[in-house]
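Structure record follows, encoded as structure tokens.
Residue numbers (this note's numbering): 12 to 176.
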């Protein structure tokens, strides 16, 4: 009997992985666990302004890429409010990002990576001219990270499946 249960579990994991929903299911379960564990009676300390700005950048990035389940884990885990704290124009102004038509179609975090800051760029910020020649190597590094993250997710999925016994 146990062998058939293991086979059924393995078939289910493979099917969910093939359909591309295994990660979503796991993220949804994690989000529900965080929500269940999060005691709404306990007052959380107010997030520092920098954290709110960073969380809003991450929110925009997650929404743009369709990482809705990841966002559903980020918000309760970080204590960030469900509603937006700042609009895009304010974030761009605070981060000193100058936008054009192309950059407005992408999350602000992409502009930060490409170093498209205005004249008032803080000291130590990325210079877009210096970055242009390095973008291809940066993009290759991101592709490697994406591949490694995918491999890690598959490994976690298989270990999670074995923990479900």
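A virtual CB, placed ideally from N, CA and C, is assigned to each residue, including glycine.
Please read these numbers as outputs of a predicted model, since none were measured by experiment.
On a Cα-Cα basis, can you pick out the residue from 44, 74, 90 that is closest to residue 62?
Residue mapping note: residue 62 aligns to position 51 of the chain shown, counting from 1. Taking only the C-alpha atoms, the option nearest residue 62 is 90.
Give the single residue among 32, 121, 33, 106 whose Cα lies nearest to the Cα of residue 72.
Position 61 of the chain shown, counting from 1, holds the residue named residue 72. For the residues 32, 121, 33, 106, the minimum Cα distance to residue 72 belongs to 121.
In chain order, what residues of the same chain lie with their CB nearer than 8 Å to the CB of residue 18, ignoring the 5 residues before and after it?
Translated into positions along the chain shown, residue 18 becomes position 7. Here the set comprises nothing.
With a threshold of 7 Å on Cβ separation, who are the neighbours of residue 116 within its own chain once the five nearest residues in sequence on each side are excluded?
What you label residue 116 is simply residue 105 of the chain shown in a count that begins at 1. Result list for residue 116: empty, nothing under 7 Å.
Would you mind reading off the limits of the alpha helix (DSSP H) that contains residue 91?
In the chain shown, residue 91 corresponds to position 80, counting from 1. First-last for residue 91: undefined, no H or E at that position.
Helix or strand or just coil, what does DSSP make of residue 40?
As a working mapping, residue 40 is identified with position 29 in the chain shown. If DSSP states are grouped into helix, strand and coil, residue 40 belongs with the helices.
Looking only at its own chain, which residues have a Cβ that is under 7 Å from the Cβ of residue 82, when we skip the five neighbours before and after it?
Here the question's residue 82 lines up with position 71 in the chain shown. 70, 73, 74, listed in sequence order.
With distances taken Cα to Cα, identify the nearest neighbour of residue 58 among 125, 87, 76.
By one-based count along the chain shown, residue 58 stands at place 47. Selected option, being the one with the closest Cα: 87.
Does the distance from the C-beta atom of residue 123 to that of residue 108 stay below 8 Å?
The count along the chain shown starts at 1 and reaches residue 123 at position 112. The count along the chain shown starts at 1 and reaches residue 108 at position 97. Yes.
Please list, in chain order, all residues of the same chain as residue 93 whose beta carbon is under 8 Å from its beta carbon, the five residues on each side excluded.
Locating residue 93 in the chain shown gives position 82, where the first residue counts as 1. Cβ within range, chain order: 86.
Please state whether DSSP places residue 32 in a helix, a strand or coil.
The sequence position of residue 32 within the chain shown is 21, counting from 1. Correct three-state label for residue 32: coil.
Can you list, in chain order, the stretches of the alpha helix (DSSP H) that have 4 or more residues and sit fully within the segment 95-134?
As far as the segment 95-134 is concerned, its whole alpha helix (DSSP H) runs of at least 4 residues are 99-105, 112-115, 119-125.
Could you please give the first and the last residue of the uninterrupted alpha helix (DSSP H) stretch that includes residue 75?
Translated into positions along the chain shown, residue 75 becomes position 64. Residue 75 -> alpha helix (DSSP H) spans 60-76.
Consult DSSP for residue 57 and reduce its assignment to one of helix, strand or coil.
Position 46 of the chain shown holds residue 57. In the structure shown, residue 57 sits in coil (DSSP, three-state: anything other than H, G, I, E or B).
Can you tell me whether residue 76 is buried or exposed? The criterion is at least 16 other CB atoms within 10 Å of its CB, across all chains shown.
Here residue 76 is taken as the residue at index 65 of the chain shown, counted from 1. Residue 76 comes out exposed.
Quick one: what's got a C-beta closer than 8 Å to residue 38's C-beta in the same chain, skipping five residues either side?
As a working note, residue 38 is residue 27 in the chain shown. The answer, listed in chain order, is 80, 81, 83, 84.
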